[in-house]
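Take a look at the structure set out below.
Numbering (our numbering), first residue to last: 423 to 594.
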């Protein structure tokens, strides 16, 4: 009798395997709130779903481009006339919609805009700790560190090529 163990003894190794194999990661089951009475009736009759399971997978290159564009919009400095606390609260208030959009784009992972129910679920059914955990996981899946490492290596090679090129004298 062969028993398959679903939990790995090495969680970091399992996470690496899941990332490489593009295994979807379950995030949370959320309740869908329909705005129209007709949709609520269909949901009551089990024709439309009452809830959806949210999964996170590796983003496509187009999604990575959109996510990095969203991160550029983050406000990181406070106004000079604001106090320290007020400036911090203004930064948080300005960045929360951007972070919700960042998470929604990553979960949706398509060229179209994320659906309204996803924004509603992220705003009303997730705690701040859950949003923080998801945003860190999305950032890890972007693999920006590898991109910057490759870019730095290419820059070093380019600088090395410039220093090794022979100088051509014009007085010969």
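Backbone N, C-alpha and C define an ideal beta-carbon position, used for all residues, glycine too.
Excluding the 5 residues flanking residue i on each side, which residues of the same chain have their C-beta closer than 7 angstroms to its C-beta?
{"i": "residue 545", "result": "522"}
{"i": "residue 525", "result": "544, 553, 556, 557, 560"}
{"i": "residue 448", "result": "475, 477"}
{"i": "residue 533", "result": "484"}
Helix, strand or coil for residue i, going by three-state DSSP, please let me know.
{"i": "residue 435", "result": "helix"}
{"i": "residue 459", "result": "helix"}
{"i": "residue 512", "result": "helix"}
{"i": "residue 551", "result": "helix"}
Take residue i and list the residues in its own chain whose beta-carbon comes closer than 8 angstroms to its own, dropping the five residues that flank it on each side.
{"i": "residue 462", "result": "456"}
{"i": "residue 426", "result": "Residue confidence for residue 426 is low, a pLDDT of 44 falling below 50, so the modelled location carries little weight and cannot support an answer."}
{"i": "residue 498", "result": "513"}
{"i": "residue 465", "result": "454, 456, 471, 472"}
Would a check of beta-carbon distances place residue i closer than 8 angstroms to chain B?
{"i": "residue 538", "result": "Structure shown: chain B not included; a single protein chain is present."}
Contact defined as beta carbons within less than 8 angstroms: I believe residue i pairs with residue j. What is the distance between those atoms, to the nearest angstrom?
{"i": "residue 495", "j": "residue 520", "result": "5 angstroms"}
Between residue i and the rest of its own chain, which residues show a CB-CB distance below 6 angstroms, the 5 nearest in sequence each way excluded?
{"i": "residue 547", "result": "452"}
Contact the stretch 470–478 vs the stretch 494–511: 3+ CB pairs below 8 angstroms: no
The stretch 482–496 in contact with the stretch 449–469 per 3-pair CB rule at 8 angstroms: no
Every unbroken alpha helix (DSSP H) within the stretch 467–502, with a cutoff of 4 residues, ordered by chain: 483–494
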